[in-house]
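*Asks:* Residue 75 in our numbering is what sits at position 27 of the sequence shown, and the numbering runs on without skipping anything.
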Amino acid sequence: MKTAIKLALIYFAMQIIGVFVVGPLARGYAYIEYGSVERAGELAAAPTLLAGIIFMSIYLWKQGYLTNDKRLYSFVSASYLFWSAIMGLSMIYLVDYLMSHLSFLPDWYKNTFDILQSGWLGIVCVAILGPILEELLFRGAITKVLLKKYNPLTAILVSGLIFGIFHVNPAQVVGAILIGFVLAWIYYRTHSLIPCILIHIMNNSLSVYLSLKFPDVDSCSELIGENSYLIGLIVAVVLLLLSWRMMNTYKLSNTTTEI
């Protein structure tokens, strides 16, 4: 448990280091280029986030978390990957439904995400690089450590809680915890990060797309209507249960093929 919490705190520290090391350089360059303090702050957001991602990746690599277990990058069977994607999409829809009833939770990072999504580098960091790093950290390192010390159920629950709490932002915590449970379970079943990364990228990419395409929409119900939304909810529950059942038919040893 201590190691898991320590790793999450180190990620926080790496982000802070990124703010202090890269932030001033990026702001300085942007100010010289555009002559605006506000514009400089906006342009510095993505490089700062990228720096935190790079620093944490280097730390995990140096500590052996990314190199000591070949199963992390194991190929997952196409059928298992398919059902993983179905499970991920179902969870994304169900979390959207849940969060539509928790709209009172404040979104502390809304302005930050708006700034990040205003440029291609920020979009790449949020939609692709961030999910990859978080899977390396939260599943490849933290969940792996927890599975060595606790029974699978405890490890999955603790991993999901750490993943959710790490997000800090009240508007994200609940959904992140639930998605974290699913990702930790899939990692336990496969010991591979491939399906976890796929789901995480799907989640973040869809979020970025919807926020850019429909900036004033807070829930899918506003896009497709309440009746269709409720039908979609039933479909999502059925698909979630079906994907869970199908994924459970695979033996743990047969879900991946080592590189």
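C-beta atoms are modelled at their ideal positions from N, C-alpha and C, and glycine is treated no differently. Treat the numbers as computed from the prediction; the structure is a model and nothing was measured.
On the CB-based measure, 16 or more other CB atoms within 10 Å of its CB, does GLY112 come out buried or exposed?
*Replies:* Per the 10 Å Cβ criterion, exposed.
*Asks:* Given ALA93, which residues of its chain have a CB within under 7 Å of its CB, disregarding the five upstream and five downstream residues?
*Replies:* Hits under 7 Å: THR160, ILE163, LEU164, GLY170.
*Asks:* Rounded to the nearest angstrom, how far is the Cβ of LEU129 from that of PRO243, given a contact under 8 Å?
*Replies:* So it is a contact: roughly 6 Å between Cβ atoms.
*Asks:* Can you name, in chain order, every residue of its own chain whose Cβ lies under 7 Å from the Cβ of LEU108, other than the five neighbours on each side?
*Replies:* Cβ within range, chain order: LEU114, LEU184, LEU185, ALA189.
*Asks:* Distance, Cα to Cα, GLY25 vs ARG187?
*Replies:* Because the chain is modelled from 49 through 307, residue 25 falls outside the range shown and cannot be assessed.
*Asks:* What does the alpha-carbon distance come out to for the pair LYS158 and SER259?
*Replies:* Those two C-alpha atoms are separated by around 10 Å.
*Asks:* What whole-angstrom Cβ distance do LEU209 and ILE225 have, given they're in contact under 8 Å?
*Replies:* Yes, they are in contact, since the Cβ atoms of LEU209 and ILE225 sit about 6 Å apart, within 8 Å.
*Asks:* Among residues of its own chain, excluding the 5 on either side of PHE60, which ones have a beta-carbon nearer than 7 Å to its beta-carbon?
*Replies:* Cβ neighbours of PHE60 beyond the five flanking positions: none.
*Asks:* Quick check on DSSP: helix, strand or coil for PHE123?
*Replies:* Strand at PHE123.
*Asks:* Can you list, in chain order, the residues of its chain whose CB lies under 7 Å from that of SER267, leaving out five sequence neighbours each side?
*Replies:* Result list for SER267: ASP144, SER148, in chain order.
*Asks:* Would you grab the beta carbon distance between ALA56 and PHE214 for me? Rounded to a whole angstrom, and I think it's under 8 Å.
*Replies:* Their Cβ separation, rounded to whole angstroms, is 5 Å, which keeps ALA56 and PHE214 in contact under 8 Å.
*Asks:* Checking 8 Å against the spacing of the C-beta atoms, do GLY136 and MET250 come in under that value?
*Replies:* Result yes, Cβ atoms of GLY136 and MET250 sit closer than 8 Å.
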